[in-house]
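To start, the structure itself, in structure tokens.
Chains as they are written, first to last, in my numbering: chain A, 68 to 228; chain B, 2 to 249.
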């Protein structure tokens, strides 16, 4: 028995070299997954310096019955209809352009792709897929109108004065 | 003595300095001409030998070379523009106007950058159509076609990210519309839009992210893929030159 003795690995299917290769590939996969999570977290801002979604629209007296008022900086329409005051988002539901109130026609029109809406936000013609968004509106304790631009209402809501 | 001195002096083509840079020496034989290509870092991407026919205008209309030319102009004009442009909301628009009206030669550089950008998009599309209609995308060049598609996308992304930088009404609404197109993708769309803009709307973060993409990330990626694209031409048997070519 002069043959050199070779140490057999415990698992005969995996040689020492294969085990190291698997360890290496596994480490690279784990590191890549970690780097992707790391990169995703890094690219997602934790603090945003954006304007607040809640806007103070002032006293209800500023919006007489039968008027549509567009506030350009906040991208809002405040409409005083027969049922009361309501807030519409002026952001087109097509691709996010700012629509404009056309007093001479009594409609809302989008300059980008020509969508048209009525004063209650309902669609006259496309390409917008949906009506303008109704936004939550309420009176603060000081009697100011507040509008939350962050979420769309599922049913119509009015402030009666 | 005079003769020895003359050969030792580092002067002109074939002198000592010349030969220390270009090892292949003078291009006086076919071998040396081939070595001049093969031993040069930049030229070695190209083939050592080219068929005369594939260099004629009607074969390629030089569209690939012209695309590269516009890219070179864009790099050369874009870097000086960066010296006067701050990618911040209060400054971006006025910096762009300063380049137009105040900075010496700013108008020339900016317009050259702009027209070259438009030309590059046009030329890359034309190049793609030419390759397609000649059938030059077929094996063994099918992978280079894929690289070409990546380069088309890089060209379009470069064009798109550059469009925001003037920070005027056209730029703002174009990127608003474009980023809302992204969010039309199912499931991940809104998330990708948020990551690209770095926020919920086109804001200061979006301007900075587009600037970094436009000036660093996308150009470096484009240079890398252009190098692979050119090297693959050589590896895939040179420029496609017509139907009589033999394939394995």
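We put the beta carbon where it would ideally sit given N, CA and C, even for glycine.
Computed from a prediction, not measured in an experiment: that's the story for all the values here.
At a cut-off of 8 angstroms between C-beta atoms, residue 213 of chain A does not count as an interface residue with respect to chain B. Annotation: residue 156 of chain A is outside any alpha helix (DSSP H); the continuous beta strand (DSSP E) that includes it extends over 151–156. Counted as a single uninterrupted DSSP element, the beta strand (DSSP E) harbouring residue 217 of chain A occupies residues 212–219.
Rounded to whole angstroms, the gap between the alpha carbons of residue 222 of chain B and residue 231 of chain B is 14 angstroms. DSSP places residue 138 of chain A inside the beta strand (DSSP E), whose first and last residues are 135–138. Membership of residue 203 of chain A in the beta strand (DSSP E) is indicated by the continuous run 201–206. Looking at the DSSP output, residue 226 of chain A bridges to A:152.
Using a Cβ-Cβ distance cut-off of 8 angstroms, the segment 187–196 of chain B and the segment 147–158 of chain B are not in contact, since fewer than three pairs of beta carbons, one from each stretch, lie closer than that value. In terms of beta-carbon proximity, residue 117 of chain A lines the interface with chain B, with at least one pair separated by less than 8 angstroms.
In terms of CA proximity to residue 76 of chain B, B:111 leads the group B:129, B:111 and B:167. Within the model, the alpha-carbon separation for residue 170 of chain A versus residue 136 of chain A is close to 10 angstroms. Look at the beta carbons and you see the segment 195–213 of chain A touching the segment 123–134 of chain A: at least three pairs across the two are nearer than 8 angstroms.
Taking C-beta separations shorter than 6 angstroms and ignoring five residues to either side along the sequence, the partners of residue 177 of chain B in its chain run 203, following chain order. Look at the segment 192–207 of chain B: the residues with a C-beta under 8 angstroms from a C-beta of chain A are 195, 196, 199, 200, 201, 202, 204, 205 and 206. At least 8 angstroms separates the CB of residue 168 of chain B from every CB of chain A. Beta-bridge annotation (DSSP): residue 184 of chain A is paired with A:175 and A:190. Among the residues of chain B, those whose CB is under 8 angstroms from the CB of residue 112 of chain A are 199, 200 and 206, following chain order.
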